[in-house]
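Numbered by my numbering, the letters in the sequence shown go through residues 34 to 777 in order.
Idealized CB from N, CA, C, for every residue including glycine.
Values in this document were obtained by computation on a predicted structure and should not be read as measured data.
Data block below; observations after.
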Amino acid sequence: MTSSETQPTPVDPDASRQRAALRKIAALFGILLVALAARMVSLHQLRDLGFMNHTISDGRVYEDCARAIASGQWACPREFVHAPLYAYFLAAMRGALGDSLLFPRAVQMALGGLSCLLLYRGMSRWFSHRAGLVAALLLALYPPAIFFDLLIQKTSLGMFLVAALWWAMALWRERPTVTRALLCGALMGLLIHVQQALMLAAPIVPAFLLFGRRAPQTPAVPSPRAGTAAFGIAGAAAIVLVLAPWVIRNRVVTGEWVLTTPNLGQNFAMGNDPGGRGTYQSLRLGRGSGEYEQREWTRAAERALGRSLSPGEVSDYYFAQAVERIRGNPGGWVKLLGRKVLMTLGATEWMDAEDYYVYIEHSSVLRWLDRFFHFGVLVPLAVLGIFSTAHRAREVWPLYLWGLATAATLMAFVVFGRYRFPMIPVLIGFAAAGLLTILNPGRRNRDPAIATPSRAMRPAACVAAIALALVCNVGQAIHRQPSAIGLANHASALAATGRPIEALRDAQRAVVTDPSSADAWLILSDLQRRAGKSEAALEAADRAAALAPGESAPLRARAAVLIDAGRLDDAESAYRRALELDDRDARARAGLAGVLARTGRAAGALPLFEEALRDEPEMVDGRVNYGNTLLELGREEDAAAAYRAALATDPKHEEARLNLAILEFNRGRPVEALEQLDALARHHPPRAPAQMLRLSVLARLGRIDDARDEARALLDRDPEREDVRRLLRALEVAAARATTRPVP
Numbered sequence: 034m035t036s037s038e039t040q041p042t043p044v045d046p047d048a049s050r051q052r053a054a055l056r057k058i059a060a061l062f063g064i065l066l067v068a069l070a071a072r073m074v075s076l077h078q079l080r081d082l083g084f085m086n087h088t089i090s091d092g093r094v095y096e097d098c099a100r101a102i103a104s105g106q107w108a109c110p111r112e113f114v115h116a117p118l119y120a121y122f123l124a125a126m127r128g129a130l131g132d133s134l135l136f137p138r139a140v141q142m143a144l145g146g147l148s149c150l151l152l153y154r155g156m157s158r159w160f161s162h163r164a165g166l167v168a169a170l171l172l173a174l175y176p177p178a179i180f181f182d183l184l185i186q187k188t189s190l191g192m193f194l195v196a197a198l199w200w201a202m203a204l205w206r207e208r209p210t211v212t213r214a215l216l217c218g219a220l221m222g223l224l225i226h227v228q229q230a231l232m233l234a235a236p237i238v239p240a241f242l243l244f245g246r247r248a249p250q251t252p253a254v255p256s257p258r259a260g261t262a263a264f265g266i267a268g269a270a271a272i273v274l275v276l277a278p279w280v281i282r283n284r285v286v287t288g289e290w291v292l293t294t295p296n297l298g299q300n301f302a303m304g305n306d307p308g309g310r311g312t313y314q315s316l317r318l319g320r321g322s323g324e325y326e327q328r329e330w331t332r333a334a335e336r337a338l339g340r341s342l343s344p345g346e347v348s349d350y351y352f353a354q355a356v357e358r359i360r361g362n363p364g365g366w367v368k369l370l371g372r373k374v375l376m377t378l379g380a381t382e383w384m385d386a387e388d389y390y391v392y393i394e395h396s397s398v399l400r401w402l403d404r405f406f407h408f409g410v411l412v413p414l415a416v417l418g419i420f421s422t423a424h425r426a427r428e429v430w431p432l433y434l435w436g437l438a439t440a441a442t443l444m445a446f447v448v449f450g451r452y453r454f455p456m457i458p459v460l461i462g463f464a465a466a467g468l469l470t471i472l473n474p475g476r477r478n479r480d481p482a483i484a485t486p487s488r489a490m491r492p493a494a495c496v497a498a499i500a501l502a503l504v505c506n507v508g509q510a511i512h513r514q515p516s517a518i519g520l521a522n523h524a525s526a527l528a529a530t531g532r533p534i535e536a537l538r539d540a541q542r543a544v545v546t547d548p549s550s551a552d553a554w555l556i557l558s559d560l561q562r563r564a565g566k567s568e569a570a571l572e573a574a575d576r577a578a579a580l581a582p583g584e585s586a587p588l589r590a591r592a593a594v595l596i597d598a599g600r601l602d603d604a605e606s607a608y609r610r611a612l613e614l615d616d617r618d619a620r621a622r623a624g625l626a627g628v629l630a631r632t633g634r635a636a637g638a639l640p641l642f643e644e645a646l647r648d649e650p651e652m653v654d655g656r657v658n659y660g661n662t663l664l665e666l667g668r669e670e671d672a673a674a675a676y677r678a679a680l681a682t683d684p685k686h687e688e689a690r691l692n693l694a695i696l697e698f699n700r701g702r703p704v705e706a707l708e709q710l711d712a713l714a715r716h717h718p719p720r721a722p723a724q725m726l727r728l729s730v731l732a733r734l735g736r737i738d739d740a741r742d743e744a745r746a747l748l749d750r751d752p753e754r755e756d757v758r759r760l761l762r763a764l765e766v767a768a769a770r771a772t773t774r775p776v777p
């Protein structure tokens, strides 16, 4: 054996570092691909879901506000009381990419992938490289995270900002600078603009910058104490500066100095009613959607106080009412808090409008992931991770505080699955540490940041993890399935996108799931009415009335069925009874006005329409009927204005668009009529009246050949269309006259 054979091969440290860096990049790229693939496949599987092309509740509010911003109303409408950042995010998507709902979903999927990378960068610094990789992979495959990335909802943007905040705070820990402190504060301010309840967590950032690590002495920072103060002040100042524009907007638009949004009192009242459930509850049946709730809260407060109120005064009123209820029933409130603790820790994703469990029925990716990985799995793993990193408590205490503060926001207000999402990145970080402890319990190749709990701590760690596993999962199976309201909301979305048979199926499932849900019976009644099932619709409306005897909505539903059945006198009686129960019901008033107009009392209907539309200006159907009544009275210009106002609220409204096209045609304005028909065709497959009108408009414009071609195409699709055949004959005659006309 030669001497050269006995010498060990020298190790090149640079090459070793390069290989390690390449492995890290490959791992991150793989995690990004997994995250994007899971989201893209889920989106493909959910493409036929009703919610994909129709927003409801808060999603509709944000979409409407984004439309207003994109059209130049930069300060948002006065009635907008939600956290504003997501509305501007959607407006930017509309301006850059168009108004399709696919574009914001695609951007949110990209944000979901970036959130995984940011979580890796952050948790690698808070814990270790391996913990960061595991945390990123867990977030990539966490099914509620995939779900929220696909919603037209602010949760995805909030998740991205939380991951960015913890990355920025980790950067500051490594090398404290004022710039990094400003970044931490700015991200916290943006988070408050996504979820205003996070004001409760805001002090964590300046506290971390003050106490998390002492600043090094540099010429710019003369002493450790001064440096620490500078960082804390910089972080707090950044939060204030980011919040300031919306505070100024509130002053200019609403006339009040409000820090975030003027609905704190309403949310506090909903979540702290000793007789409530701890989650969302509406003031009136059928009016719990985000489009109506602020108006309902305002009207009820003004009715109680007997005067008009500003948004801030409405919030103050409900806050005071909630405090009085708590004082009157402290025992009930304590029980409610206990219930909210269990709801917060439970494996169930509590819905507000779009039900997670309806989504997973339609996506095998979400369904299979949810079987093995959900909140009830995440929490016990996180508890084990907390014990595994307890020796570093002095370093990771901001993570503890963040988890407690975000849980406190749920205790203070209402429990929704999306409201607990700001705590998910921190829980996933600890869960990654817990998972590494389980997978590698020995000392060999362990991360120094993660230690097996000591002999004394192991029993406590096991007991805590097992206890929380039981708390999180026992009794949750009944809730971890589609709810009646979730199914009913999906039925409404299906109906709005022209799928009545599927809509009726889901509405029937809803009342079977929970026969005590008056909301579900109301939606079923409406869908049965549209399907021409009058008797079944009346029965469903009566079931809703029996479940909610003091509410006007079931009587409204009954009246709508009676109108379709031609029983106008009975419908008028039902509307009048509805107004006796609730004289604030603008829809009942508009419905009564419609009956009066249809029974030859158009002049008497106008004041009722006008009062109803003052109370609820975005009531599109009521405004269309108001336009019809004006047209009947010969007020064509006012009727056109009413139709245009309806379309300003809902550009896709079929009847408003068609009626305006007919009116423009009859007024001798075929070009404007054709514009309306083209806009109608962009959103709805043309029906017979629109098709016939289009042929007439083309003929009026002298485009006889185009009209004939379209008429022939219609007959090719449906040879039984005698109306088209007659018009085609007239067009042939007109074309023949045009070709044989003598030249002067």
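Enclosing alpha helix (DSSP H) for glutamate 665 [first to last residue]: Looking at the DSSP string, the run of the alpha helix (DSSP H) that includes glutamate 665 is 653-665.
Boundaries of the alpha helix (DSSP H) in which serine 397 is found, first to last residue: Per DSSP, serine 397 belongs to the alpha helix (DSSP H) from 397-405.
Contact check, valine 67 vs leucine 170, beta carbons under 8 Å: At a Cβ-Cβ threshold of 8 Å, valine 67 and leucine 170 count as neighbours.
Where the alpha helix (DSSP H) containing leucine 704 begins and where it ends: A quick correction: the sequence has valine, not leucine, at residue 704. Taken as a continuous stretch (DSSP letters only), the alpha helix (DSSP H) holding valine 704 covers 703-716.
Counted within 10 angstroms of its Cβ, other Cβ atoms place valine 211 as buried (16 or more) or exposed: With 16 or more Cβ atoms within 10 Å of its Cβ, valine 211 is classed as buried.
Cβ distance (whole Å) where proline 533 is taken to contact aspartate 388 below 8 Å: Not a contact, Cβ separation roughly 20 Å.
Residue burial classification, methionine 73 (beta-carbon count within 10 angstroms, cutoff 16): When all chains shown are included, methionine 73 counts as exposed.
Neighbourhood of arginine 758 by C-beta, 7 Å cutoff - its chain only, sequence neighbours within 5 removed: Counting only Cβ-Cβ distances below 7 Å, and skipping sequence neighbours, we find Leu748.
Where glycine 660 falls, given that 16 or more other Cβ within 10 Å makes a residue buried: Counting Cβ neighbours within 10 Å, glycine 660 comes out buried, since at least 16 surround it.
Beta-carbon gap between isoleucine 359 and proline 307 smaller than 8 Å: Cβ atoms of isoleucine 359 and proline 307: closer than 8 Å.
Whole-angstrom distance between leucine 224 and glycine 245, CA atom to CA atom: About 21 Å.
Extent of the continuous alpha helix (DSSP H) run through tryptophan 107: Run containing tryptophan 107: none; DSSP gives neither H nor E here.
Beta-carbon proximity of arginine 782 to alanine 636, cut-off 8 Å: With the chain running from 34 to 777 in the structure shown, residue 782 is simply not present.
Rounded distance between the beta-carbons of tyrosine 392 and leucine 402, thought under 8 Å: Actually they are not in contact, since the Cβ atoms of leucine 402 and tyrosine 392 sit about 12 Å apart, beyond 8 Å.
Whole-angstrom distance between arginine 80 and threonine 632, CA atom to CA atom: Take the alpha-carbon of threonine 632 and the one of arginine 80: they are about 44 Å apart.
Per-residue burial, serine 90 [other beta carbons within 10 Å of its own, 16 or more giving buried]: Result: buried.
Per-residue burial, alanine 253 [other beta carbons within 10 Å of its own, 16 or more giving buried]: Note on alanine 253: pLDDT 47, under 50, position unreliable in the model; no value is reported.
DSSP three-state assignment for tryptophan 290, whether helix, strand or coil: It is coil, neither helix nor strand.
Cβ-Cβ separation, isoleucine 461 to leucine 198 (assumed contact under 8 Å), whole Å: Their Cβ separation, rounded to whole angstroms, is 14 Å, which puts leucine 198 and isoleucine 461 out of contact at 8 Å.
Cα-Cα separation between alanine 203 and arginine 404, rounded to whole angstroms: Taking the straight line joining both Cα atoms gives about 33 Å.
C-alpha gap between alanine 53 and alanine 59, whole angstroms: Each residue's alpha carbon lies about 10 Å from the other.
Close-in-space but distant-in-sequence residues of the same chain around glutamate 765 (CB under 8 Å, 5 per side omitted): Excluding five sequence positions before and after glutamate 765, the CB atoms of its chain that fall closer than 8 Å to its own CB belong to Arg741, given in chain order.
Backbone secondary structure at tryptophan 383 - three-state DSSP: The answer is coil: DSSP assigns tryptophan 383 none of H, G, I, E or B.
DSSP-derived helix/strand/coil call for isoleucine 556: It is helical.
Cα-Cα separation between glycine 450 and lysine 685, rounded to whole angstroms: It is roughly 31 Å from the alpha-carbon of glycine 450 to the alpha-carbon of lysine 685.
Buried/exposed call for leucine 472, threshold 16 Cβ in 10 Å: Per the 10 Å Cβ criterion, exposed.
Inter-stretch contact (C-beta, 8 Å, three-pair minimum) for the region 412-420 and the region 486-503: The region 412-420 is in contact with the region 486-503.
Beta-carbon spacing of glycine 222, isoleucine 281 below 8 Å: Taking C-beta atoms as the reference points, glycine 222 and isoleucine 281 fail to come closer than 8 Å.
First and last residue of the uninterrupted alpha helix (DSSP H) at leucine 641: Looking at the DSSP string, the run of the alpha helix (DSSP H) that includes leucine 641 is 635-648.
Enclosing alpha helix (DSSP H) for serine 4 [first to last residue]: As shown, the chain starts at 34 and ends at 777. That puts residue 4 outside it, with no answer to give.
Nearest residue (CA-CA) to valine 220, options Val275, Ala178, Ala173: The question names valine, yet the displayed sequence has leucine at residue 220. That would be Val275, whose Cα lies nearest to the Cα of leucine 220.
Contact with chain D by alanine 540, beta-carbon distance below 8 Å: No chain D is present in this structure, which holds just one protein chain.
Start-end ranges of the alpha helix (DSSP H) lying completely within the region 308-395, minimum 4 residues: Correct list: 326-338, 344-361, 363-378, 389-394.
Meets three-Cβ-pair contact criterion under 8 Å: the region 153-173 and the region 113-132: At 8 Å Cβ cutoff, the stretches do not touch.
First through last residue of the alpha helix (DSSP H) which encompasses proline 515: Note, proline 515: premise wrong, no alpha helix (DSSP H); not H, not E.
Close-in-space but distant-in-sequence residues of the same chain around alanine 673 (CB under 7 Å, 5 per side omitted): The residues are Leu693, Leu696.
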